[in-house]
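What the sequence shown shows, in my numbering, is residues 102 to 212, in sequence order.
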Amino acid sequence: MRSGAFRHKVTIIVPTSERGVDGSIENVDSVLGTFYASIATENAGEADEGGKLVTTVQHTILVRYNSVDLQSIKNNSKITINGSSRELHITSSHVQDYRNRVIVITAEERL
């Protein structure tokens, strides 16, 4: 890896279930952590969802982690890029290199 390759700061948000005060189960988003990452745009496409044309952009994100175990990232998690209002929806993730602690995440952005 080149110096400065992980220049974006991203926050990974994972949906979890918690018990509410009345005992019901509620779905809430919890922050898994904030990490430095490299974001590369791969391709774009369009799809018809419910009669509306939706543009999607695929991104490949390399995340270097230190202490948090990111191997349990779910496919319905989200990534927000700090300093912008962009939200990426994770479609897959896998560990690329255990020694350098790098995880490859594929995510899509809906415009």
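All C-beta atoms in this analysis are idealised placements derived from N, C-alpha and C, irrespective of residue type, glycine included.
No experiment lies behind these values; they were computed from the predicted model shown.
With contact defined as three or more Cβ pairs closer than 8 Å, the stretch 140–151 and the stretch 118–131 are not in contact. Collapsing the DSSP output to three states places residue 149 in a strand. In the three-state DSSP reduction, residue 185 falls in the coil class, being neither helix nor strand. When secondary structure is reduced to three states using DSSP, residue 175 falls in the coil class, being assigned neither helix nor strand.
CA-CA distance, residue 204 to residue 152, rounds to 36 Å. Here residue 164 is buried, its C-beta having at least 16 other C-beta atoms within 10 Å.
Residue 202: not part of any beta strand (DSSP E); DSSP gives it neither H nor E. Within the same chain, 135, 136, 137, 138, 182, 183, 184 come within 8 Å of residue 110 by CB-CB distance, once the 5 residues on both sides are set aside.
Short of 7 Å from the beta carbon of residue 177, and not among the five residues preceding or following it, lie these beta carbons of its own chain, in chain order: 116.
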